[in-house]
Amino acid sequence: MNWTQFLLSVAAVYALYYLLNIIFDLLKSRAQSPDEGEQDELVFSEEYQPQEIDTDAPSTSVAQTTDAEPQSRQAISSGPLHTTGGVSIKQLLTLVQDDLIEYTKAIPY
Numbered sequence: 080m081n082w083t084q085f086l087l088s089v090a091a092v093y094a095l096y097y098l099l100n101i102i103f104d105l106l107k108s109r110a111q112s113p114d115e116g117e118q119d120e121l122v123f124s125e126e127y128q129p130q131e132i133d134t135d136a137p138s139t140s141v142a143q144t145t146d147a148e149p150q151s152r153q154a155i156s157s158g159p160l161h162t163t164g165g166v167s168i169k170q171l172l173t174l175v176q177d178d179l180i181e182y183t184k185a186i187p188y
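For the sequence shown, the working numbering begins at 80 and goes up steadily by one.
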């Protein structure tokens, strides 16, 4: 048996396997009644009660935020950032040995 015959036989076995799977799925879907298919239904229940909103009087907070937005655009700051910069591999291993950084996997050094 050469490689061509081997690969063709493997491809034929896979094709037969997938063909049988498709035929089995088609027969299984025909045997299933339409009422059973309706049981696979996902339902979400809302926990929040609807609120009635008065549209006659606009809220002052909405009016203030729309007026203030075009005048000044300020980004939300997470505080000052402190960095020490990049370190070389030798410095990194020294920091690991001194337990100054936390590592999750042992580093062979």
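Don't be surprised by glycine CBs; every beta carbon is placed ideally from N, CA and C.
Mind checking which residues open and close the alpha helix (DSSP H) that includes residue i?
{"i": "A185", "result": "Counting along the chain, A185 falls outside any alpha helix (DSSP H), and DSSP gives it neither H nor E."}
{"i": "S108", "result": "82–110"}
{"i": "V175", "result": "168–176"}
Leaving out five residues before and five after residue i in sequence, what residues of the same chain have Cβ atoms less than 8 Å from its Cβ?
{"i": "V166", "result": "L174"}
{"i": "L98", "result": "none"}
{"i": "T134", "result": "none"}
Excluding the five sequence neighbours on either side, which residues of its own chain have a C-beta within less than 7 Å of the C-beta of residue i, listed in chain order?
{"i": "I180", "result": "L174"}
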